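Undergrad: 1816 is the number that the working numbering gives the last residue of the sequence shown; the numbers go up by one with no jumps. Even for Gly, the Cβ is constructed at its ideal location relative to N, Cα and C. Keep in mind the model is a prediction, meaning the values are calculated, not measured. The structure follows.
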Amino acid sequence: MKKFRKVLDGLSSSSPGGVASPSCGSAAGTPTAHAPTPQDIHVQETLVSENFQICKTVRHGFPYQPTCLAFDPVQKILAIGSRTGGIRILGRPGVDCYSQHESGAAVLQLQFLINEGALVTACADDTLHLWNLRQRRPAILHSLKFNRERITFCHLPFQSKWLYVGTERGNTHIVNIESFVLSGYVIMWNKAIELATKAHPGPVVHLSDSPKDEGKLLIGFESGTVVQWDLRSKKVDFRIYYDEAIHSVSWHHEGKQFMCSHSDGSLTMWNLRNTARPIQITYPHGKILKDGRKESCKPILKVEYKTSRNSEPYVIFSGGLSYDKSGGRRPTLTIMHGKAITVLEMDHPIVEFLVLCDTPYSNEVQDPYAVVVLLEKDFIVVDLTQSNFPIFENPYPMDIHESPVTCTAYFAECPPDIIPILYSIGAKQKKTGYSHKEWPVSGGTWTLGSQTYPEIIVTGHADGTVKFWDASAITLQMLYKLKTSKVFEKPKAGEGRAGELVEEDPYAIQMVSWCPHSRLFCVVGISAHVILYRFSKHDANTQIVSLEVRLQFDSEDVISPSEAENNPCFSDPSSPQPPGSPGSGTQDSLPCLKVKSRPVRMPPGYQAEMVVQLQWVDGEPPQQITSLDINSAYGLLAFGNCNGLTVVDFLQKTILMCMGTLDLYGAADPYQRLTRSPRKNRQSTSGLTELSDNQVSMDMERSKSPTSESRENSFSRSRSSSVSSIDRDTKESVTTLQFGESYGRKGDALPTACLWVGTSLGVVLLLPISIPTEEEERMEEPITMGPSGTVLMLKGSVLRFAFLDCGGALIQSPYEVWRDPNGPEDPDRPRRRKLINFSPSSSQEACGDGHLAVVCSEKQAKVILMPTQAVLFTHNITESSFLLRADVVSVCNSVCLACFCANGHIMTLSLPSLRPLMDINYLPLTDLRIARTFVFTNGGQALYLSSPTEIQRLTYSQEMTDNLQDMLGELFTPIETPEAQNKGFLKGFFGGNAQTFDREELFGEAAAGKASRSLAQHIPGPMGLENMKAAAGGVVGDLARARIALDQRGERLGELEERTALMMNSAETFSTHAHQVMLKHKDKKWYQL
C-alpha cells in the first residue's frame, strides 16, 4: 500500500451559480496536463478500526406482540412485555428503553418494586428475573429458574421484599426479592382446599393480600375456588366455590368485599361476613331472554374495582359481550360508574389494561384518573376525569405500523430549517378531541444531548402513505404525512388493471428519493408508477402532468448490437412517449392506475407535480421499477427496471430517453448478445407488504424483479461471466442510478453532467448529458444524452455509486436551492434558479482535475480514477454471500464504505484504499424485512425494521457508542414515597389493622427453613463492568434519596411534636369531661339515666 496524503476537507466547497457543463458532453479531447494518474493519488486516510463499534441505540414504535403491562404509580413509568422476550419501559417523551431477555421466552407478567428502581419479570420458561432500573440500560441482577412447576401468577405487595408466586399445580411459593431465593414457606393446594374436595382446583390465577390485613392472602384458582389464607396461623379463613371459572379478582379498598370476573361474562361481589354466596351477581352485557334464560356472554378477562372519594366507585372490565352482539362488534372496554355504563370500542383485541391511581396503597381510596389499555397493535390511555372519557394524545411514535412499512430512508445532517417547516405543516394534519390534561406516564428524566444534529427518517407504507419523522437526538416524532393515493382516481369495480396487477395495496411505496436541500421528493409505487412532488408553503390548484411510458420490447425489436449503436431507441424529446404502438390493443396501452385529470386542490406541504407510469404490453403488466434517482440541478429524473431505462425531463415535462438495457451498450456489449423479447411471465407482486420467507429482496430499497433469472437464486448463486450463461440471462435489470458531474469518456478534458447506470450483471455504463446553461434555454432547448460506450465490470449486481475528489473528500451531487413554486412573484426581481454545483474541478487545486468513483456491487467494490478509468483499488467483499446494502457515508470527518451482508455481517471499508476496518456478525440470521429496510447514514448511524411495528436504530461509530449513555434517558429519579393517609383516631382505634405483620418472621430461613434445591435454581446476573457502574449509580441514587428523606424526616418530626402536644391536650380534655359525666351519674339508678 502506498503512502497516503492527508485528507483535504470533509466536503468539497460549493459554488453557487449555473451548472458548469459544456454545451455538449460528448466533445472528446486530450487529457490536460493536470489530469491525474494513479501514481498521483496519495490520500492519507484517517479512519482506523478503533473508530468503529456496533451498538444498538434505541428502538422506536409499538412493541411487537405485547403480552403484559405494569405501572409504577410513584415513579410514573410504564413497562410492556412481549412474546419475544422484549421489555419496553416508557416515561416522559425521550425516556424510552428497550431490553431483551436472552432466552427469548415470552414475558408473562411484570411487577414493579414500586419506587425502588427495580422490576420483576416472569417468563414462559418459568424463570423470574430481577432487573435493575437505576441505570440507563437496565440489567438483570438475579434470576430464579423453576424446575418442577410452571409459573402462572405473581404478586408483590407494596413495600414488601417477599414475592408471592402461584403455579400451574395450584401451589403458592414465596421468593425473597433481595437474595432471590425461595422461602421454605409454601402454601400447598391440598391444604388450601377442603380435604373432602377430590378435584384439583386448577392453576393459581390470582394472588393479593387483603387491604385490611397484610397477613391474609387471597388465592384465586381457575376452577372458581377462592381461598383466604391466614399466613400467621397457616390455615384457611374461608373458602368460596363458584360454578364458573375465575379470570380476575379485585378488592374494595376497605378489605371487606371483593369482585370476581368469570368465564360466563358475569361479575360477582363477595362480602367477607358471608362467603356462602355472592351478595351480587351481574351480567353487564347479558339480557334475560323471553324464556327466562340468561343470554350467553363472552368471558370477562379482567375487572378493576376502584373507589372514588367524590363519586360512585368505578368498575372497569374488558370483554363480557353477548355472543350474539360480539360477532359484528369490535373488542370493548366497559366503564361502569354508578348507573352510567360506557362501552369503548377498540380497533384491536385488548391484551391487558391497568387503572392508574394516585396512591400506591391498596387500603386507601383509590381515586382513579386514567386507564392504560394495551391492544394487540396499539396503546391508548383513557382520561377518567372527564365524563366523555377522551383519550390522551400519545407522545410516543406508536403508529409506525399504521400501514405496514414497505421501505425506509434515513437522512442525517439535514438542513436545519427543514424540520421546523415540516413540523409546522404537519401540525395542521393532527387529530383533535384529545384530553387537555398532561400525559400521565411522566417519569424519568431526559435532556437534549450535546451532540445533536437534524436527522429525518422517511417511511413508505403499503397504503401509499409516506411519513417524515424527526429522529434528532435519538427520539422519534412524526413531522408530516403524505398520501400518494390522492393523485389517482379511485378505481371503480371491474375497472382498470390495478386489481389484476396487485391483489391489495396498489399504491404501496417501493422506494423514495429525497433531496432535503431542494426539497424535491420522488416516490416509486408497486404499480410501476413514479410521482414527483415539490414543496410549497401555500396551497394551490394544480393540474397534475401525467406521462406514460412503454418500457417493454417486442420480439420484432430484435436487433444486432451494431444497429443498436446507430439507432438508439430515443423518443422525441419535444413530445411525450406515445401511449401505444401500432398493432397493440387499446386495452394494453394503459397504465395500472388513472391519474386525476381535473385540477386538484393541494394543501401546503408536498404537492404532486408529475406522474410517470409504465404501460401494460401484450396483456402483461409492467415490470416493477428497481432503481431511481432525481437531480434538481439538472431537472432530470431517471428510473429503470428489468427491461430498461427511462429518463424524464421534469422541467419540460417530456420523456428524454426510453431504452432497453441492451441498447445502452451500443457496440460495447461485453457479451455480444442479441436483444430478446421479455418472457411472457406474469410478475408476482405479493411480497411487498407481507415479506414472506420465500422471497428474495434485491436490496434494501429495491423490490425483486421476479422475471429476472439472474435474481432467482441470488442467495446461493455465484456470478459467471461466460457467454453461454449470459445468453440464457437476457433480462438485465437496471439496479442503481446516480446523476453527477463526471467524465463521460476517457478523453474528456472537462467534467460534464452524467448518469451512471449499474446493472444486475455487474456492468457500469456512463451516459453523458448535454444541458443548456442559460435558464431560458434550459426551459426550451432539448437536452441530449446517449450511451458513451464506457463499460466497467464488477462481480454481482451493482448497488451503489459515490464520487470522491482526488483528496479523498466526498463530492455531493449538484442541486437547486429551494424556492416556493407558489410564492408571491416580485416584478422587480424575477425568480431565477439558483444552482449549487460540486464539480470535481472546483474542489481541488493541488491534485489537478479528475475524481474518484466508488462502485460497489453485491460481491466487490472498486475505486476508479476518472477520466482515465483506471482501477486504483479492488476489494472482494464476500464470496459465499452477497451484499444487501452499501452506502458511502461520512464518519469522524472522513468517509468510508458501509456494507450490510446477507449473512448478517456489517462491514466498513476505508476510502479510497478499501481496507477492511470493521467486520462484525451483527445478525445471526437474516430476516427479509431487515434486508428490505436496512439503511446506513452519515454520523455512524443505521436503522432497520426489527419487527413489523418497530424501528431499531444502531451506531457503528465508537465515538457515538462512548457518548450513548449521555444521550439516553434516566428511568429512575429519587422521589420520596408518599405517606399513608391518616385514618383518624376512632377509625384507627376500632377498624385499623389489628396488628403489625412481620413477613421476615414468617418467611425467613429461621422460621420457614430452606426450600428444596430441586424446586428452583438461583442464577446470578452477569457481573460485568456495566453492572458495577449500575451499582455505583444505584448508590448515588440511594444517597440522594437518603438526603431527601433526612430533610423531610426533620420536617415531619417537627410536625409530629406539634401533633403529639395537640393529642395530649385533647386527651386531657376528654378525661376531664369523662370524669364530670361519671360524677354526675354516679349515684343515680339505672332507670333515672
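For the beta strand (DSSP E) that Met1520 lies in, which residues bound it at each end?
TA: Position 793 of the sequence shown, counted from the start, is the residue given in the question as residue 1520. Counted as a single uninterrupted DSSP element, the beta strand (DSSP E) harbouring Met1520 occupies residues Val1518 to Met1520.
Undergrad: Between Thr784 and Thr1660, how many whole angstroms is the CB-CB distance? I'm expecting something under 8 Å.
TA: The sequence position of residue 784 within the sequence shown is 57, counting from 1. The sequence position of residue 1660 within the sequence shown is 933, counting from 1. The Cβ separation is near 16 Å, so there is no contact.
Undergrad: Are there 16 or more other CB atoms within 10 angstroms of the CB of Arg1325, so buried, or fewer, so exposed?
TA: Taking the first residue of the sequence shown as position 1, residue 1325 is located at position 598. Note on Arg1325: under 16 other CB atoms within 10 angstroms of its CB, so exposed under the neighbour-count rule.
Undergrad: What beta strand (DSSP E) runs, 3 residues minimum, are completely inside the stretch 812 to 868?
TA: 813 to 817, 823 to 827, 834 to 840, 845 to 850 and 854 to 859
Undergrad: If you draw a straight line from the alpha carbon of Val770 to that of Gly1471, how long is it in whole angstroms?
TA: Along the sequence shown, one-based indexing puts residue 770 at 43. Along the sequence shown, one-based indexing puts residue 1471 at 744. Their backbone Cα atoms lie some 24 Å apart in a straight line.
Undergrad: I need the boundaries of the beta strand (DSSP E) containing Met1506, first residue and last residue.
TA: Counting from 1 along the sequence shown, the entry for residue 1506 is found at position 779. Bounds of any beta strand (DSSP E) do not take in Met1506; it lies within the alpha helix (DSSP H) bounded by Glu1502 to Glu1507.
Undergrad: Can you find the residues in the same chain that come closer than 7 Å, C-beta to C-beta, to Gly1171, ignoring five residues on each side of it along the sequence?
TA: Translated into positions along the sequence shown, residue 1171 becomes position 444. Spatial neighbours of Gly1171 in its own chain (CB-CB distance under 7 Å, excluding positions within 5 residues in sequence) are listed in chain order as Ile804, Gly818, Arg819, Val822, Gly1696, Glu1697, Leu1698 and Thr1700.
Undergrad: Take Val1214 and list the residues in its own chain whose beta-carbon comes closer than 8 Å to its own, dropping the five residues that flank it on each side.
TA: Counting from 1 along the sequence shown, the entry for residue 1214 is found at position 487. Ile1258, Ile1271, Val1322, Lys1323, Val1327, Ala1335 and Val1338, listed in sequence order.
Undergrad: Quick check: what's the CA-CA separation for Asn998 versus Ile1043?
TA: By one-based count along the sequence shown, residue 998 stands at place 271. By one-based count along the sequence shown, residue 1043 stands at place 316. Spanning the two alpha carbons is a distance of roughly 19 Å.
Undergrad: Run through DSSP, which three-state label would Gly1760 get?
TA: Here residue 1760 refers to the residue found at position 1033 when the sequence shown is read from its first residue. The predicted position of Gly1760 is uncertain, since its pLDDT is 46 and thus under 50; a value taken from the coordinates is nonetheless stated next. If DSSP states are grouped into helix, strand and coil, Gly1760 belongs with the helices.
Undergrad: From the DSSP secondary-structure annotation, give me the bridge partner or partners of Cys1242.
TA: The residue labelled residue 1242 in the question sits at position 515 within the sequence shown. DSSP output for Cys1242 lists Leu1247 as bridge partner(s).
Undergrad: Within the same chain, show all residues whose beta-carbon is closer than 7 Å to that of Ser1798, passing over the 5 residues directly before and after it, in chain order.
TA: The residue you call residue 1798 lines up with position 1071 of the sequence shown. The answer is none, since no qualifying residue turns up.
Undergrad: Of all Cβ atoms in chain C, is any one closer than 8 Å to the Cβ of Thr924?
TA: Annotation note: the requested chain C is absent from the structure, which comprises a single protein chain.
Undergrad: Just how far apart, CA to CA, sit Gly844 and Asp1085?
TA: Position 117 of the sequence shown holds residue 844. Position 358 of the sequence shown holds residue 1085. Going from the Cα of Gly844 to the Cα of Asp1085 covers about 18 Å.
Undergrad: Grouping DSSP H, G and I as helix and E and B as strand, with all else coil, what is Ala1843?
TA: Limits of the chain in this structure are 728 at one end and 1816 at the other, which puts residue 1843 out of reach.
Undergrad: Let me know if Lys1522 comes out buried or exposed under the rule of 16 or more other beta-carbons within 10 Å of its beta-carbon.
TA: The sequence position of residue 1522 within the sequence shown is 795, counting from 1. It is buried - the Cβ of Lys1522 has at least 16 other Cβ atoms within 10 Å.
Undergrad: Thinking just about the alpha-carbon of each residue, which of Val1616, Val1622 and Ala1658 is nearest to the one in His1632?
TA: As a first step, residue 1632 must be located in the sequence shown, where it is residue number 905. Nearest C-alpha to His1632: Ala1658.
Undergrad: Give a yes or no on whether the C-beta atoms belonging to Ser1540 and Leu1355 are separated by under 8 Å.
TA: The residue given as residue 1540 occupies position 813 in the sequence shown. The residue given as residue 1355 occupies position 628 in the sequence shown. No, the pair does not count as a contact, with Cβ atoms beyond the cut-off.
Undergrad: Can you name the start and end residues of the alpha helix (DSSP H) that Phe1730 belongs to?
TA: Position 1003 of the sequence shown, counted from the first residue, corresponds to residue 1730. Phe1730 -> alpha helix (DSSP H) spans Arg1726 to Phe1730.
Undergrad: Where does the unbroken alpha helix (DSSP H) through Asp1144 begin, and where does it stop?
TA: The residue labelled residue 1144 in the question sits at position 417 within the sequence shown. Per DSSP, Asp1144 belongs to no alpha helix (DSSP H) and is neither H nor E.
Undergrad: In chain order, what residues of the same chain lie with their CB nearer than 7 Å to the CB of Ser993, ignoring the 5 residues before and after it?
TA: Position 266 of the sequence shown, counted from the start, is the residue given in the question as residue 993. Closer than 7 Å at Cβ, skipping near neighbours: Glu971, Ile1008, Thr1009 and Tyr1010.
Undergrad: Reducing DSSP to helix, strand and coil, say where Gln1596 ends up.
TA: Position 869 of the sequence shown, counted from the first residue, corresponds to residue 1596. If DSSP states are grouped into helix, strand and coil, Gln1596 belongs with coil.
Undergrad: Which of the three DSSP states is assigned to Tyr1829 in this structure?
TA: Look at the range of the chain in this structure, 728 to 1816, and you will see that residue 1829 is not part of it.
Undergrad: Which residue comes first and which comes last in the beta strand (DSSP E) that contains Asn1268?
TA: Along the sequence shown, read from residue 1 onward, the residue named residue 1268 stands at position 541. Its beta strand (DSSP E) spans residues Ala1267 to Thr1269.
Undergrad: In three-state terms, what does DSSP make of His1800?
TA: Along the sequence shown, one-based indexing puts residue 1800 at 1073. DSSP places His1800 in helix when its eight states are reduced to three.
Undergrad: I need the boundaries of the beta strand (DSSP E) containing Lys1208, first residue and last residue.
TA: Translated into the one-based positions of the sequence shown, residue 1208 becomes position 481. Start and end: Gln1204 to Lys1210.
Undergrad: Looking at the unbroken beta strand (DSSP E) that takes in Trp889, where does it start and where does it end?
TA: Taking the sequence shown and counting its residues from 1, one reaches residue 889 at position 162. That run of the beta strand (DSSP E) goes Trp889 to Thr894.
Undergrad: Round the Cβ separation of Leu1638 and Phe1627 to the nearest angstrom and send it over; I've been treating them as touching at under 8 Å.
TA: Reading the sequence shown from its first residue, position 911 is the one you call residue 1638. Reading the sequence shown from its first residue, position 900 is the one you call residue 1627. Not quite, the Cβ-Cβ distance comes to about 17 Å (not below 8 Å), so this is no contact.
Undergrad: Just to confirm the assignment: which complete beta strand (DSSP E) runs, minimum length 3, are found wholly within the stretch 947 to 1025?
TA: 952 to 957, 962 to 968, 973 to 978, 984 to 989, 994 to 998 and 1007 to 1009
Undergrad: What residue does the beta strand (DSSP E) around Asn1648 start on, and which one ends it?
TA: As a position in the sequence shown, residue 1648 is number 921, starting the count at 1. Looking at the DSSP string, the run of the beta strand (DSSP E) that includes Asn1648 is Pro1643 to Asn1648.
Undergrad: Output the distance between the C-alpha atoms of Glu1165 and Asp799, rounded to the nearest integer angstrom.
TA: In the sequence shown, residue 1165 corresponds to position 438, counting from 1. In the sequence shown, residue 799 corresponds to position 72, counting from 1. C-alpha separation (whole angstroms): 17 Å.
Undergrad: In three-state DSSP terms, what is Asp1576?
TA: Sequence index remark: in the sequence shown, residue 1576 carries index 849 (1-based). In the structure shown, Asp1576 sits in coil (DSSP, three-state: anything other than H, G, I, E or B).
Undergrad: My assumption, with CB atoms under 8 Å, is that Leu1372 sits in contact with Leu1389. Please give the rounded CB distance.
TA: Taking the first residue of the sequence shown as position 1, residue 1372 is located at position 645. Taking the first residue of the sequence shown as position 1, residue 1389 is located at position 662. Going by Cβ atoms, the distance from Leu1372 to Leu1389 rounds to 11 Å, so no, they are not a contact pair.
Undergrad: What ranges does the alpha helix (DSSP H) occupy inside the stretch 1030 to 1056, keeping only unbroken runs of at least 4 residues that lie completely in it?
TA: Complete alpha helix (DSSP H) runs here, min 4: 1050 to 1053.
Undergrad: Sort out for me which residues DSSP pairs Met1386 with in a bridge.
TA: Along the sequence shown, one-based indexing puts residue 1386 at 659. Its beta-bridge partners are Leu1372.
Undergrad: Would you kindly report the start and end of the unbroken alpha helix (DSSP H) that includes Arg1659?
TA: Walking along the sequence shown from the start, residue 1659 turns up at place 932. Counting along the chain, the alpha helix (DSSP H) containing Arg1659 begins and ends at Leu1655 to Thr1660.
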